[in-house]
Structures are given as C-alpha cells and as structure tokens.
Amino acid sequence: MELQQTQQLLQRSWQRSRDYGLVAQERVTPYQVSASQFKQRQQRHQLLLDCLQKNLTLFEQLQQGRRCRLLFADSEGTILLSQGDPYFGNKAQQLALANGARWHEQDMGTNAIGTALLEQQAVTILGNQHFLTANQGISCSASPVLAPSGELLGVIDISSEVGEHHQDMLLTARLMALAVENALVVNQTHTHWIVNLADDASSLQQPWAGIIALDADGRLLGANRSARQWLPSLTLPDLIAQLTQGELTPVAHGVALLSRRPSIKTSSTLARKTSPAPCPREATALKLMARQIPLFIHGETGTGKDYLVRRLHQQSQRATQPLIPVNCGALPSELIEAELFGYQAGAFTGGHKHGRVGYIRAAHQGVLFLDEVGELPLSAQTRLLRVLEEKAVTPLGSHQAQAVDFQLLAASHQDLKALVAAGEFRQDLYFRLNGFTLSLPPLRTFSESDFHLLVSRLVAELAISEGVTDIALATGLISALRAYAWPGNIRQLKQQLAVAVVLADGSPLELAHFPELNTIAAPPFTQHSSLQSHTDELLLSTLSAHDGNISATARQLNISRTTVYNRLNKISSSA
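Mind the numbering: the sequence shown is residues 458 to 1032 in my numbering, read in order.
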C-alpha cells in the first residue's frame, strides 16, 4: 500500500474511533464471548479453521524463529484461533489478544483485525498507529478471508511486539488467506468440476491463480477472488463447452484448465463422518479434564499424540485459553528448567534482558502438554512435582511463587514404569502425571480398513496443501504400504506420502515413489518378533546410512537426540 493511501486509511480509522466515543488514553478491555458462544462460532467456521490448520506449515516456514502469532478472527472481530510463539502469546494474553476476545474497530479503535474488516483490505498497523495507547506496544498485519460467494468471513492476522514486526508478515497473512480461500472453493459440498484460470500455464497451480467451482451440471457454485476478476470477461456456458478435462484451453487474456474435484474426501469431511466429535475415548478424557485430572498419553513415536491433544483442547472447557505444547526431549539440557519454569532478568549469564515467563506460566488457565516427559532430567522432575503439588511456580532467580492453574497432559513413547524401576524417573511424579492413561495403537496394528481410511485422509490433506484437485493411487499401493512395519507410525507415513507426491510429479503414486522404504527397509513385523530388536535394527541402519550423524538420524526417525544417545548406550551395554 502506498504511503499516501496508508495515511488516508489511518485518518479514516482514527476518525471512526473518535466517532465511536473512544478515548485514546483509556484502557479498554475487549468484549469476551462466552465459552458456548465461542464453540458455536468455531463450529460455524469449522471448514475454514480446518483449512487454516492444514496450511500452518506455510506460516511456520515463513516466520520461523520469530516471536509472533497467527490469529483468525471472524467477521465480527472475534478471535477463534491463535497459534505461534508462546512467549508473545503471554504478551497477547495480557492485552486480551486471545481466543474469544472481540477486536472490532468499534470496540478497540484502530487495529489490524478491526480495520481490515471495515476497510475490507489487507492492512498493517504499527505500534503508535493504534488508536488506543494501551495497544501501541504491538504491531499487526491482517488480510481479509472471503467465502466462495465473495462474503467476508473474517481476517487472518499476524501480530508481534513492535520491535519484532517484519514487512513480510503482511505478505504471509495474504498468502495464508489465499490458501484458505482456495481450499474453501474446492471443498464445497456439491463441487464436481474445478476450473483453474491464469495468465499462463506456469501460474495455474499458484495461490493467486483463479479457481471456479462448478456442480455436476456446470452451474457456478463459487470462485476465489482472482477468478471473480475474470468472470466479467467470460461467458460461462460457452467456456464450459470449450473445456476438455486435463487439457489447457485458451481464454480471454490467459488459459483455463478443467479437472474433477478430488475423489478422496477432504480430511475435515472424513473426520466428521468417521470419527464423531467427541469419540468415546475423547468423551472419557474430557470428563476427566473437567475435574482437572491429569492425563497421560502413551504411544510409540508418531502415533498421533499431538493430534489427540489438539482435539481435546478444542473440545475442552479451556478451549478459549492457550494450549502450550512442550517437547521435553528437544529442550537443551542446560536450559530445560529456565524454559519450563521461567526466569527473572539477570538470573544467569546469557539470559534475555527482560527474563522469560516460562512454558508453565504461559499455560496459565489453559492446557500444558508435556510431550516426551520421560526425557526430563531428575532435577527438573523435582521442580515439576513441586509445581503440581503447590499449584505455583517460582521462576529462576526469584523467591516469590506465582500461582498457576492449568490442565496437565503428558505423553511419552517410553515405558515410564520401566524408567521408575531403573531410577531414571521419580515414582511420585509418575503417579501425579498418570491420573488416567490413554493408549494410542501403533500403525502396524491397524486393520486393513482403518489403514485405508488413514491413507485416504492423509492424501486428501496433501491434495489441499499442494493446491491440486486430485492425487491418484496406483492399484495395490495401499496393501503394499500396509505390509511395511512403519516404526515411525503415522508421522513417518505422512512424510513418506509427501515425498512420494513430489516424486510422482502429477502421476499416480506407486511403490517406486517411496525410496525410503527400500533404502532403509524395516524388516516385516510379526507378533512373534521383538519390537525392541526391530526398533534397534532400524536405529542402527539409519545411523549407518547417515555415517554416524546423530542429528540426522534423530531427524529422520522423528525422535530426540537424547533418545538416540540413550538407546545407543543401552545397545552397547547389552552387547
């Protein structure tokens, strides 16, 4: 946006803020919707939120390592989703820039969410450009999200502290909005045909390409914002008559491509149809969470512990509060206690000059998920036990305890009872964590129908993320994949499917597109074989393939380096 246009937009917004009766120096608390209203709004936008969740990797890649958060607010400015850096999340909580808060311009004056909604254009509001002085410590960029009908659904916003905001955050918000809009067009209930429009063939699969959705009879169901610019110059019945599936067709100032909607259902549709919310296991867990009973989730690496935790959080009484996931195995050993419990300014050399709030305090009133909790050193276990017993945390360098209230979920792929017996995990902490255990089955135990259903869902998700209308599978592929042991479980399967899609380059997926299954082949798993020896063989073969590189081995197997070291020590001691 040009400087003059930006100044004019700010002038209009500030004048509206005054007309609303707002006073710049007054501290205003946003209106907070009730928990039931929040759930209703989330349900109303469920498909959009599903599409946004599937495209979060784009946000993570473009804004990696930055202290910012991505928000989605509906057309009334009510925040329905908040993802990103937990430390800025704490700052956002202080400003009520959090789930359930309404940031319409009428309530909060000039701000990216409210102003983008009223102006119906992408905007950046930096620091002192906010009308309310209390909000001038943050900077935000927001882009509107439109329905296939052209209706304004809400905005995607990226917020940070003033000194942490970058120019490309507005571009990221725009790209996220385009990706969501495109997915909404393709995934309408009665969509049968998809028409892609672009200036040239190389741009047909780009996020900014035009997309038109048609029903089986060729009637227009909806279009993304790019396609709506094309529609006035197109006579739709004549265009449809010209199009042949899979062939490029010249149109006014560009080309068009006709394709069928993906034959495999989208994961959001599939999830609603095959796994009603909440399922019996989740319903039991939610009842226990309502009484603040800690839950322990046990399952091998990659069995879907993260996904289950997100589901439980979304359906719990704390859905409007933060979910703070912590991978205990990924924390640097020398900083684990500082990261978990926080620290005051000057607590140790090299710390942040303002100190850190810590993951536990960041989860206040929300959900704390301690993944791979078995990796915690004994010193951190002792401090964690004290926090759970006293419901208070004392940051490093401080003598004053601060009350905390959070729902605790913990998970591990390890047998904590065995760790307790070996003296590597505190028994009293084990009993504190293990109020109720949820066990997730490994992929190799899936029935044929469940495995087929899972592959279908993962392929559908990939189709959306890749911006394609269909990903075909060669006959017999699913049976061949099921014969593999999948020591990395669902996570490994998902990664291998993503690799296969790239290698297939538009052709049907075949076993040849899964080179990893051949180069580091896992021996077939049977009920009579030893799971531990099977896992050890995979670890050693992977380590050999990477010339002894521990980090590369851990990345490929989706486990922490600590786990690799521990397992190697046990293998060598038993040799």
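All residues carry an ideal CB built from backbone N, CA and C; glycine is no exception.
Here the structure is a predicted model, which is why all the values come from computation and not from measurement.
Query                                                                                                                       : Result
At least 3 beta-carbon pairs within less than 8 angstroms: the stretch 611-623 vs the stretch 469-482                       : no
Identity of the residues DSSP links to Ile615 by a beta bridge                                                              : Leu527 and Ser598
Touching by the beta-carbon criterion (3+ pairs, under 8 angstroms), the stretch 853-864 and the stretch 821-835            : yes
Close-in-space but distant-in-sequence residues of the same chain around Gly759 (CB under 7 angstroms, 5 per side omitted)  : Gly945, Asn946, Ile947, Arg948, Gln949 and Asn1015
Per DSSP, cross-strand counterpart(s) of Ser869                                                                             : His755
Anticipated Cβ contact below 8 angstroms, Val712 with Ala670, distance rounded                                              : Actually they do not touch by this definition, with Cβ atoms about 18 angstroms apart.
Residues that Ala849 bridges to, as DSSP identifies them                                                                    : Ala860
Tyr477 - DSSP class collapsed to helix/strand/coil                                                                          : coil
Nearest residue (CA-CA) to Val916, options Ala549, Thr581 and Ile928                                                        : Ile928
As assigned by DSSP and simplified to three states, the class of Pro689                                                     : helix
Simplified DSSP assignment, three categories, for Asp828                                                                    : strand
Delimiting residues of the alpha helix (DSSP H) encompassing Thr514                                                         : Leu513 to Leu519
Buried or exposed by the 16-neighbour rule on C-beta atoms within 10 Å, applied to Asp962                                   : exposed
Coil, strand or helix - Pro737 by DSSP                                                                                      : helix
Separation of Gly679 from Ser720, as counted between CA atoms                                                               : Confidence in Ser720 is poor, its pLDDT being 46 and thus under 50, which makes the residue's placement too unreliable to answer from.
C-beta contact flag for Arg813 and Tyr800 at 8 angstroms                                                                    : yes
Beta-bridge pairing of Ser896 - partner residues as DSSP gives them                                                         : His755
Validate contact between the stretch 626-646 and the stretch 595-609 using beta carbons, cut 8 angstroms, 3 pairs           : yes
Separation of Gly675 from Gln468, as counted between CA atoms                                                               : 46 angstroms
Supposed close pair Gly667, Asn681 - CB separation, criterion 8 angstroms                                                   : 6 angstroms
Distance, Thr646 Cα to Arg889 Cα                                                                                            : 46 angstroms
Alpha-carbon spacing of Lys951 relative to His970, whole angstroms                                                          : 14 angstroms
Secondary structure of Gln801, DSSP reduced to three states                                                                 : coil
Whole-angstrom distance between Pro487 and Ala553, CA atom to CA atom                                                       : 7 angstroms
Residue range of the unbroken alpha helix (DSSP H) whose run includes Pro543                                                : Pro543 to Gln551
Exposed unless 16 or more other CB atoms sit within 10 angstroms - verdict on Gln857                                        : exposed
Rounded separation between Ile595 and Leu583 - CA only                                                                      : 7 angstroms
Option nearest His755 by Cα separation, candidates Ala673, Leu895 and Gly831                                                : Leu895
Pro898 versus Arg768: straight-line alpha-carbon distance, rounded                                                          : 17 angstroms
Three-state secondary structure assigned by DSSP to Gly667                                                                  : strand
Same chain only: Cβ atoms within 6 angstroms of Thr1019, ignoring 5 sequence neighbours per side                            : Gly786 and Glu832
Exposure label - Gly571; buried when at least 16 CB within 10 Å                                                             : buried
For Gly571, the first and last residue of its enclosing alpha helix (DSSP H)                                                : Ala569 to Glu576
Nonlocal neighbours in the same chain, by C-beta distance under 7 angstroms from Leu968, ignoring five residues either side : Leu934 and Ala937
For Leu911, the nearest candidate out of Gln771, Met626, Gly761 and Leu788 (CA to CA)                                       : Gly761
Residue closest to Pro707, alpha-carbon to alpha-carbon, out of Gln749, Val652, Ile750 and Gln494                           : Val652
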